[in-house]
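In the numbering used here, the protein residues as written are 1 to 95.
Beta carbons: idealized from backbone N, C-alpha and C, even for Gly.
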Amino acid sequence: MDKKFVIFVDWSGTLCCDKFWRRLRDQDEMKVAHEKIFGDGPALHDDWMRGQYSSEEINSLVAEWTGLPYDLLWQDFTATCCTMVLDNALVVLWS
Numbered sequence: 001m002d003k004k005f006v007i008f009v010d011w012s013g014t015l016c017c018d019k020f021w022r023r024l025r026d027q028d029e030m031k032v033a034h035e036k037i038f039g040d041g042p043a044l045h046d047d048w049m050r051g052q053y054s055s056e057e058i059n060s061l062v063a064e065w066t067g068l069p070y071d072l073l074w075q076d077f078t079a080t081c082c083t084m085v086l087d088n089a090l091v092v093l094w095s
């Protein structure tokens, strides 16, 4: 029987250093939301990355915390995800 191997890859901060909500990130309201997701310990962020929260649910929470419209947050979030860039230094290491 052939052995199967699994490779776990950490995207955020390992393969890519881009941040979510790039266009809205510097607004004061977003700083509060960012702290709640990423700064209050890893619980919410880790649960999100493990699939216990969807990105839609996280954006709903951010809308609640910031008072910003969900549609605006979702648009910026998805645009950010679509334009995230793999760290070129890692590509060279793997080549």
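Status (buried if at least 16 other CB within 10 Å, exposed otherwise) for residue i
i: Leu24; result: buried
i: Met30; result: buried
i: Phe5; result: exposed
i: Asp26; result: exposed
i: Asp28; result: exposed
i: Asp2; result: exposed
Chain-order list of residues whose beta-carbon lies under 7 Å from that of residue i (same chain, five-residue window excluded)
i: Asp87; result: Leu15, Cys16, Cys17
i: Trp65; result: Val32, Ala33, Lys36
Pick from the options that is closest to residue i, judged by C-alpha positions
i: Val85; options: Gln52, Arg22, Glu29; result: Arg22
i: Val32; options: Leu68, Lys3, Asp47; result: Leu68
i: Leu61; options: Gln27, Leu44, Gln75; result: Leu44
i: Asp71; options: Glu56, Gln27, Asp26; result: Glu56
Inter-residue Cα distance where the pair is residue i and residue j
i: Trp48; j: Val92; result: 30 Å
i: Thr78; j: Gly39; result: 22 Å
i: Gln52; j: Asp46; result: 9 Å
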